[in-house]
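Just below is one structure, and these are the notes that go with it.
Protein chains: 2
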Amino acid sequence: MSEKFTKIKDLPMHDGEEVLVGAWIRQKRGSKKIAFLQLRDGSGFVQAVVSLDEVDQATFNIAEHIKQETSVVVSGVVQENSRDSFGYELSVKSIQIIGESNDYPITPKDHGTDFLFEHRHLYLRHLKPYAIMKIRNTIIKATYDFFWNNGFTKIDAPIITSSAPEGTSELFPVKYFEQDAYLSQTGQLYAEAGAMAFGRVFTFGPTFRAEKSKTRRHLNEFWMIEPEMAYTHQEESLEIQEKYIASLVQAVLDNNQSELKMLDRDLDVLKKYTILPYPRLSYDQAIEKLQAANFDVQWGDDFGSPEETFISDQFEQPVFVTNYPKAVKAFYMKRHPDRDDVVISADLLAPEGYGEIIGGSERDTDFNYLEKRIKEQGLNPQDYSWYLDLRKYGSVPHSGFGLGLERVITWIAGQDHIREAIPFPRTLNRIWP
Amino acid sequence: MSEKFTKIKDLPMHDGEEVLVGAWIRQKRGSKKIAFLQLRDGSGFVQAVVSLDEVDQATFNIAEHIKQETSVVVSGVVQENSRDSFGYELSVKSIQIIGESNDYPITPKDHGTDFLFEHRHLYLRHLKPYAIMKIRNTIIKATYDFFWNNGFTKIDAPIITSSAPEGTSELFPVKYFEQDAYLSQTGQLYAEAGAMAFGRVFTFGPTFRAEKSKTRRHLNEFWMIEPEMAYTHQEESLEIQEKYIASLVQAVLDNNQSELKMLDRDLDVLKKYTILPYPRLSYDQAIEKLQAANFDVQWGDDFGSPEETFISDQFEQPVFVTNYPKAVKAFYMKRHPDRDDVVISADLLAPEGYGEIIGGSERDTDFNYLEKRIKEQGLNPQDYSWYLDLRKYGSVPHSGFGLGLERVITWIAGQDHIREAIPFPRTLNRIWP
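Residue numbers (the working numbering), protein chains in the order written: chain F, 1 to 433; chain X, 1001 to 1433.
Structure follows, in structure tokens:
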């Protein structure tokens, strides 16, 4: 049946024609002689005008009594209307009710966040979630486009793992038949194995962190993109990272003008994020700036949200903070050639206080050093024996990074909370629906 | 550093030029005056010829003693060689060793399957896994191309769920802070919520089944694509399914000629799978055919592997088996308008004995019927209250299907066992590496 329907987004191509639309009633208003039905069909939104001058009383009665989220098949004529934000409306000839809707719980009045996410399966139909999910779809597509156009092979990392790359404290345990297992926190180590086989690879899948934090930047289940590149030093990786981020912003600007408008997102601000290169600031320089601004931080501290926001506020673009202290970073990061206290790493901080969106580094290539670091961090080298094999058999310089999909969506869509950026968020107190 | 290297796959564009390649030694052979090094760099494979007529003794000594999987930077001149399967070789000028490799475990001799998968992180570097993963990459890309080009929005389903769409017996339990949770077996119910908001949606992510089966068709962690379409009846869904499958086969034919050759896959067989439409056979007809061939099956039985293979052997293309008995299918499948014993469903069986690759149906739209079916199947309606909401508020005819990525890869790549089709397989006894 869908083939006989015209999609709302395509209505401008049918100006003056009579079309059939399969849709739902988003809202309605009206008087005794005219009813305005706001239709949505998943491709867009349009106003349908039902006038007693044009339809019989029975059809008008349907329009007058129709309830929010009723599904309908509407026939009507597409008409330009410059006062409408979409630019077109539908002059209705007939309405057929497909599915009733009584007492739809999400009414035009304000609801609390908990209520909306308790009804996420319905809330997705509403303007804000709709706009954000369309932007999410664009960012996913632009991610694939970028990596496939640049010669990367997708190598999926496993979700169920027997060991714990970054320590066990933030892992969700899974009972895997008779074995203890965990949900993967990162696919990076697997991506490194992939890079040794395929040169340039990326993972793109869900990852899990059992953090008990309830901040607006944390989800317990989120999607990560983790590219890994053999024969690649950090500087080349940074260039790829900034090109990738700029391509995401550009794709949203190209494909989601109407959604950005629904979200009141400032296009001029976004456009600045497409200008390359992004500034680079060493960790040492960041510490100096923070101390000069009277932040209570010492060299060696990791940055929290206030520090990241202060640093990113110094720039109008995302900023790379490079070469963090070895002590606050993961065991696999490459030693600096001239200094023992920092590693060849970079975090990319988003502007406007959105915090870290990428963490990356060059990876150390030396078996003995990595084995020592694993032990120093209290991890079990046996859990990493397969990973260490990558340094035994043809180790090469290589670099990679991880991007948190929902953090980038939250930033580009200009949202306050990361739970808005995923269809069905999993947070400390929510695994429903 | 990678920007200064020429990728092996691009060597034909540099005929007669001197290039630099960053690679690994796959194999070597030679005599006292000439050594042949098989190089791989993740983009392809090439033979490097090291001749004492062209290089000094020191360079030749490196080549003579170099070991399998040593990483190297090689400079040399690209030369056409019609006797070589790649058509080009590299006449070496210098070799620099980047990373040594001693006692590489996967030698040119035969190894058992367990050994190879115990070393999967290294085994991915070898010809067969390389070829299959390149085909996997193509199929993933072709999947996204197909759905995005046809107006679908990607709506990711959650992995951690509090309820159990298809019963609890085959679920992996997860401890989610203080709550009991499960790993998702399917994203379909979430996709249905998505379809009511976005019209046409698809999920594409990992799913989990705690089946204790050890057959060559089962993984415990596998990737599924689950499209769901509002205002769409089953016949239109079948047309989309067959177009989608044909597009996957065509994409592999277009992009993976050399990989199909590595795997000895018959191209003419694959080409038949791009011809549409695919045959349709009702379940009733399938039972008749099976009984006529003396299979011990009764109307109402589900099909096992021998039955599926027999049915698919009647055709040279994938075949839809339609309208299965209600009793063997999930609660949400739509009732047949004229018969109470079957549902509006179809499984797509792959040729050559590869079994079911798609399961799909039209979904029932009636709240009361679905609630009754949920109870009849021993499930708890409370667990499905959000799903049932989709029938309360603007229910519409809709259809969808689920495709098992690794089954399709196994079939298109012509492999014997599904564990070959995923980078790091999870089976009953394997969650390592």
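Idealized CB from N, CA, C, for every residue including glycine.
Bear in mind that the values here come from a model prediction, so they are computed numbers and not experimental data.
Query, Result
"Proximity test, Cβ basis, 8 Å: X:Arg1200 and chain F", "yes"
"Test item: CB-CB of F:Ala35 and F:Glu64 under 8 Å", "yes"
"N-terminal and C-terminal residue of the alpha helix (DSSP H) that F:Val297 is part of", "Unbroken run through F:Val297: none, as it is neither H nor E."
"Against chain F: residues of the stretch 1126 to 1138 of chain X by CB proximity under 9 Å", "His1126, Pro1129, Tyr1130, Met1133, Lys1134, Arg1136, Asn1137"
"Distance between F:Phe86 and X:Ile1160 (C-alpha atoms, nearest Å)", "38 Å"
"Proximal residues to X:Arg1216 (C-beta, below 7 Å), its chain only, five neighbours per side dropped", "Asp1416, His1417, Ile1418"
"Residue range of the beta strand (DSSP E) that includes X:Pro1227", "1221 to 1230"
"Which of helix, strand or coil DSSP assigns to F:Glu211", "coil"
"From F:Asp284, F:Met333, F:Leu171, F:Gln382, residue whose alpha carbon lies closest to that of F:Ala181", "F:Leu171"
"Cβ-Cβ distance between X:Thr1143 and X:Ile1225 below 8 Å", "yes"
"Backbone secondary structure at F:Met333 - three-state DSSP", "strand"
"C-beta neighbour in chain X for F:His121, strict 8 Å", "yes"
"Beta bridge counterpart(s) of F:Gln47 as assigned by DSSP", "F:Gln38, F:Glu89"
"Chain F contact for X:Val1077 (CB, 8 Å cutoff)", "no"
"Whole-Å CB distance - X:Ile1412 paired with X:Val1269, under 8 Å assumed", "That pair is no contact at about 10 Å."
"Straight-line Cα distance separating X:Ala1131 from X:Glu1089", "20 Å"
"Exposure label - F:Trp223; buried when at least 16 CB within 10 Å", "buried"
"F:Lys128 to F:Asn137 span [Cα, whole Å]", "14 Å"
"Contacts around F:Tyr231, its chain only, beta-carbon distance under 8 Å, and the 5 residues preceding and following it disregarded", "Gly199, Val396, Pro397, His398"
"Range of the contiguous beta strand (DSSP E) that encloses X:Thr1322", "1319 to 1322"
"Beta-carbon contacts of F:Lys212 that lie in its chain and below 7 Å, excluding the five residues immediately before and after", "Leu428"
"C-beta neighbour in chain F for X:Met1196, strict 8 Å", "yes"
"Proximal chain X residues relative to F:Ala193, where beta-carbon distance stays under 7 Å", "His1121, Leu1124"
"Sequence-distant residues of its chain with Cβ nearer than 6 Å to F:Gly187 (five each side left out)", "Ala157, Thr203, Glu226"
"8 Å Cβ cutoff, F:Ile245 in contact with chain X", "no"
"F:Phe202 (DSSP reduced to helix, strand or coil)", "strand"
"Burial state of F:Lys28 (16 or more Cβ within 10 Å)", "buried"
"Where the beta strand (DSSP E) through F:Leu183 begins and ends", "179 to 183"
"Beta-carbon spacing of F:Met229, X:Ser1002 below 8 Å", "yes"
"Listed by chain order, chain X residues near F:Met1 by CB distance under 9 Å", "Tyr1231, Thr1232, His1233, Glu1236, Pro1397"
"Proximal residues to F:Val77 (C-beta, below 6 Å), its chain only, five neighbours per side dropped", "Glu18, Ser91"
"C-beta neighbour in chain F for X:Tyr1332, strict 8 Å", "no"
"Interfacial residues, the stretch 165 to 188 of chain F to chain X, with Cβ spacing under 8 Å", "Phe172, Pro173, Val174, Lys175, Tyr176, Phe177, Gln179, Ala181, Leu183"
"Boundaries (first-last residue) of the alpha helix (DSSP H) holding X:Ile1409", "1405 to 1412"
"Below-8 Å beta-carbon distance, F:Tyr104 vs any chain X residue", "yes"
"Interface residues of chain X facing F:Pro206 [CB-CB closer than 8 Å]", "Asp1156, Ile1159, Gly1205, Pro1206"
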